[in-house]
Amino acid sequence: MSDTSANAVAFVRTESVPASAPPVNAAGPVKWLKDNLFDGVGNSILTVLAFVAIFMILSNTMPWVLNGIWDAPTLAACREILDGTTGACFAVLSERWNQLLFGFKYPSELYWRPALAFAMLFVAFAPVLFFDLPRKLLIFTGLYPFIAFWLIWGGPIFNPILALVGLIVGYVVFVRLEKTSFAMAMGVGIVSAAVVWSLSKFIGSDSAILSIGYLETVPSRDLGGFMLNMMLGVTCVSLSLPLGIALALGRQSSMPLIKYVCVIFIEFIRGVPLITLLFVASVMLGYFFPPGSGVDLFIRVVIMITLFSAAYIAEVIRGGLAALPKGQYEAADSLGLDYAQATRLIILPQALKISIPGIVNIAVGLFKDTTLVSVISMFDMVGMIRGPILASTDWNGVYWELFSFAALLFFVVCYGISQYSQWLERRLATDHR
Amino acid sequence: MNKSVLFGAMTVASLAAGAAAAGTLEDVQARGKLNCGVTTGLVGFAAPDANGEWKGFDVAVCRAVAAAVLGDGNAVEFVPTTGKTRFTALASGEIDMLARNTTWTLSRDVDLKFTFVGVNYYDGQGFMAPKELGVSSAKDLDGATVCIQTGTTTELNLADFFRANNISYEPVPIETNAEAQQQYLAGACDVFTTDASGLAATRATFENPQDHVLLSEIVSKEPLGPLVRHGDNEWGDIVRWTLNALITAEELGVTSANIAEMSASAGGNPEINRLLGTEGTLGEMLGLSATWAKDAIAVSGNYGEVFEQNIGESTPIGLARGLNAQWTDGGLIYSPPFR
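As you go down the protein sequences, you meet chains A and F in turn.
According to the working numbering, the first sequence is numbered sequentially starting from 1.
According to the working numbering, the second sequence is numbered sequentially starting from 1001.
Structure below.
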């Protein structure tokens, strides 16, 4: 074996064989089809059945959608254009577009105001939703509720500014006193903010200051359409989150009074259907306030929906708090942090992270629940469809087009929220799985 | 909106709630607007159009009252109410009057403490069935499935009718009229029952209206009319006589076309003169201006014109006058004299 050399063997391959293509059924689309669609008899049958079902659905709906009429003044005219062929009357959407989005009473020359507020909503939410953006943007987020209020309802700019100043004064007082006692700082802060707000009493109704930055006022009753759903959804989610956190913490408190107030509140609200609360807001409260000077229906509804979702969010967050190992609480104590610091710096960041899916679930549910206000004669998206549009002589009898459109709008928003929450979970994942 | 309003409202709530009932006329005049309760939308009776203007048969009553009281048919704040919120809205004083195709019944009048000031539409419950079912009378409907709206007098009337005729039926309870139309068209029920005016309006929206028949039986009385709260008879009188003014105007041939000419000076017919305020002091007795009835009629015409514009045979709804013709034409529409 020692004289083995290159010459001793008949043939030596000096370069590698070029890779030949894999068999047709082991690569490319055929393999994909085989693996994913026709993997065995059972799966093949299911695939065929699924394709048949999809074909049947599409062959019935697509002609209806593609043959749709987008321009006709009434349902009768639309049917005349269709002349017996299958087709949707999307003309109702184009004719009542503004009513679907803004309700039927919002002055049409002022549509730019809610539209601008809607555009600014994205800017305001961006720094809250995406932590990589510069933190200075949060200043705009803080100003946004006041700007949006001023844009949507109008009136003098003085009102939102005074509300803002009151908040700032309250916050400054709170920060000054925070070192001594969290609870006292909170109390004094609230009182000083209330003092600033009460200053509005000293401004006469004809004062010149009220004419600065005056926008034409739009009463709440004139709000409607998808705008109303968005407003209710955004306001109630943002208000119910802090309230829910407070309730969840209160429920875990060792002080019996706070604890039982929170427990009773949460259990009561969770035991009552939302629609009952809405009826209380619209019907019962009407008896308690004198006619004409009662609290705005929009505010009453916001309060009721906020309380409702706060109770649910509180329970979700309580789950997050319960999931934290006891060691985290003890570690915070051993660092010498007081309750407020420990909660803010150690407990809540972890508990909230665990609770994200639950909170988002409630936010999506809440957004869809805003359509319930149509039963107390507010004209949100569904209220507009069920009431004025279907009841007009022009469009009585159009259902699929309108409700599909509403479903599409709600789907876009809710799917967006759920995609964001999945991104957030991945982003915040610090455990090494 | 305003914090001080909120707290102020809470403190005076109990005091003001009792006092608010008296002096509706003064309240309306001070406010400069009439708060009128209407439906959230019913074809032909009340619905906002593409420009957000409220139009309809009930809306016309609101506008006439606003014109009589304030001289302007547009000085109305329309408060949309659902079947569930309408009575509390009126009882709590949120609205001054309700014109929402509401059936006048004893319990609503007496137990809920409202005053029905008259009838602006005589309705009755009817049945609609597909032509291919081959029925012509509701008595042939033994064993039929019937689509009905829940929580209405319709449901109770239906039970009464079938029990009285000793035949059986299977109810398909449905929440809204819109849903009922879909269910009926989809074949979920053999027969659809609701007020005859609603049936006609519904059938008008079908793609093939000629395939459906309205059965001849009318199984209930549904007098629909505007109503106000108990306890302010002066205000009730104003609404009642505004409605009567519209009816009388049709009877006497006063229309929106000739009213300007007729009210310019006293004419030959003393009742027209009294109605239009060129003679007598009827307006003063009501606490209104002398031209109150003229203003009310000028907004959208007399009763017959309002009917024709909104639900009459020239509209897609196409209701015949029937029971709602003037008494002189064999109908039930009858106003006491203006004297």
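The C-beta atom is built at its ideal place from N, Cα and C for all residues, glycine as well.
Treat the numbers as computed from the prediction; the structure is a model and nothing was measured.
Roughly how far, in whole angstroms, is the beta-carbon of residue i from the beta-carbon of residue j, given that I think they are within contact range, below 8 Å?
i          : j          : result
Glu1251(F) : Ala1138(F) : Contact flag wrong, Cβ pair sits at about 34 Å.
Ala126(A)  : Leu116(A)  : Not confirmed; about 16 Å, so no contact.
Ser240(A)  : Thr306(A)  : 5 Å
Leu1133(F) : Asp1190(F) : 6 Å
Gly87(A)   : Trp70(A)   : Wrong, their Cβ atoms sit about 10 Å apart, outside the cutoff.
Thr1255(F) : Gly1277(F) : So it is not a contact: roughly 17 Å between Cβ atoms.
Phe1057(F) : Tyr1121(F) : 7 Å
Val1306(F) : Ala1060(F) : 4 Å
Val195(A)  : Trp153(A)  : In fact, because the Cβ distance is near 24 Å, the residues do not count as touching under 8 Å.
Ile1317(F) : Ala1180(F) : With 8 Å as the limit, Ile1317(F) and Ala1180(F) do not qualify as a contact, their Cβ atoms being about 17 Å apart.
Leu228(A)  : Met378(A)  : 7 Å
Phe405(A)  : Leu93(A)   : 6 Å
Ala351(A)  : Gly320(A)  : 4 Å
Report the three-state DSSP secondary structure of residue i (helix, strand or coil).
i          : result
Lys1055(F) : strand
Pro18(A)   : coil
Ala1021(F) : Unreliable positioning characterises Ala1021(F) in this predicted model, as indicated by a pLDDT of 46, which lies under 50. The coordinate reading is nonetheless provided below. Coil at Ala1021(F), not helix or strand.
Leu46(A)   : helix
Arg176(A)  : helix
Leu215(A)  : strand
Met1128(F) : strand
Pro107(A)  : coil
Cys1147(F) : strand
Phe405(A)  : helix
Gly1301(F) : coil
Ile417(A)  : helix
Asn1208(F) : coil
Val9(A)    : coil
Ala1016(F) : Note that Ala1016(F) scores a pLDDT of 43, beneath 50, so its modelled location is shaky; the value from the coordinates is reported in the next line. Correct three-state label for Ala1016(F): helix.
Glu1313(F) : coil
Arg344(A)  : helix
Gly1118(F) : coil
Look at the alpha carbon of residue i and the alpha carbon of residue j, and state the distance between them as a whole number of angstroms.
i          : j          : result
Arg386(A)  : Pro325(A)  : 50 Å
Ala331(A)  : Arg251(A)  : 22 Å
Glu1372(F) : Pro1080(F) : Summary: the structure shown does not reach residue 1372(F), with chain F confined to residues 1001 through 1339, and so no result is reported for it.
Asp394(A)  : Tyr1334(F) : 32 Å
Gly1231(F) : Gly1032(F) : 22 Å
Leu428(A)  : Ile313(A)  : 20 Å
Leu1323(F) : Ala53(A)   : 53 Å
Thr1315(F) : Leu1286(F) : 35 Å
Asn25(A)   : Asp35(A)   : 10 Å
Lys1055(F) : Ile347(A)  : 59 Å
Lys105(A)  : Asn98(A)   : 10 Å
Ile203(A)  : Val1076(F) : 31 Å
Val237(A)  : Ala310(A)  : 8 Å
Val1005(F) : Arg300(A)  : At Val1005(F) the pLDDT is 44, less than 50, meaning the model places this residue with poor confidence; the figure from the coordinates comes in the next sentence. Approximately 14 Å between the Cα atoms of the pair.
Phe149(A)  : Pro160(A)  : 7 Å
Ile264(A)  : Ala246(A)  : 14 Å
Val382(A)  : Val1038(F) : 18 Å
Ala1021(F) : Arg221(A)  : The predicted position of Ala1021(F) is uncertain, since its pLDDT is 46 and thus under 50; a value taken from the coordinates is nonetheless stated next. Each residue's Cα considered, the two are about 23 Å apart.
Lys1084(F) : Asp1049(F) : 24 Å
Gly271(A)  : Phe146(A)  : 34 Å
Could you name the residues of chain F that residue i contacts, counting a contact when the two beta carbons are closer than 8 Å?
i         : result
Glu95(A)  : Ala1050
Gly383(A) : Thr1040
Tyr111(A) : Per Cβ cutoff of 8 Å: no residues; Tyr111(A) is ~12 Å from chain F at best.
List, in chain order, every chain A residue whose beta-carbon is nearer than 9 Å to that of residue i.
i          : result
Ile1174(F) : The contacting residues do not exist; Ile1174(F) stays about 13 Å from chain A at best.
Ser1300(F) : The contacting residues do not exist; Ser1300(F) stays about 16 Å from chain A at best.
Residues of chain F with a CB under 7 Å from the CB of residue i: which are they?
i         : result
Ile434(A) : Shown here, chain A extends from 1 to 433; a query on residue 434(A) therefore has no answer.
Ser377(A) : Thr1040, Pro1080, Thr1081, Thr1082, Thr1085
Tyr171(A) : By Cβ distance, chain F contributes nothing, its closest Cβ being about 18 Å from Tyr171(A), past 7 Å.
Phe104(A) : Pro1048, Gly1052
Using the beta-carbon of each residue, which ones in chain F are nearer than 9 Å to residue i?
i         : result
Tyr214(A) : Simply none; closest approach about 15 Å.
Quick one: list the residues of chain B neighbouring residue i, beta-carbon separation under 7 Å, in chain order.
i          : result
Gln1182(F) : Here the protein chains are A and F, and chain B is not one of them.
Give the residues of chain A in contact with residue i, contact being defined as C-beta atoms less than 8 Å apart.
i          : result
Ala1178(F) : Arg386, Leu390, Tyr399
Name the chain A residues that come within less than 7 Å of residue i, Cβ to Cβ?
i          : result
Thr1315(F) : Thr393
Q: Below 7 Å between beta carbons is the criterion; list the residues of the segment 1036-1054 of chain F that meet it against any residue of chain A, in chain order.
A: Per Cβ criterion, the list reads Thr1040, Gly1041, Leu1042, Val1043, Gly1044, Ala1047, Pro1048, Asp1049, Ala1050, Gly1052.
Q: Determine which residues of the segment 391-404 of chain A have a Cβ less than 8 Å from any Cβ of chain F, and write them out in chain order.
A: Answer set for the segment 391-404 of chain A: Ala391, Ser392, Thr393, Asp394, Asn396, Gly397, Tyr399.
Q.
Along the segment 1200-1233 of chain F, where does the CB come closer than 9 Å to a CB of chain A? Name the residues.
A. Of all residues in the segment 1200-1233 of chain F, the ones placed with a Cβ closer than 9 Å to any Cβ belonging to chain A are Ala1201, Thr1202, Ala1204, Thr1205, Phe1206, Glu1207, in chain order.
Q: Output, in sequence order along the chain, the residues in the segment 263-284 of chain A whose CB is closer than 7 Å to any CB in chain F.
A: Listed in sequence order: Ser282, Val283.
**Q.** Cβ-based contacts, 7 Å cut-off: residues of the segment 77-91 of chain A near chain F
**A.** Within the segment 77-91 of chain A, those residues whose Cβ lies closer than 7 Å to any Cβ of chain F are, in chain order, Arg79.
Q: Taking a Cβ distance cut-off of 7 Å, strictly less, list which residues of the segment 1091-1120 of chain F are near chain A, in chain order.
A: Going along the segment 1091-1120 of chain F in chain order, one finds Ser1092, Gly1093, Glu1094 with a Cβ nearer than 7 Å to chain A.
Q: Return the residues of the segment 1136-1159 of chain F that lie within a Cβ-Cβ distance of less than 9 Å from chain A, sorted by chain order.
A: The segment 1136-1159 of chain F vs chain A, Cβ under 9 Å: nothing.
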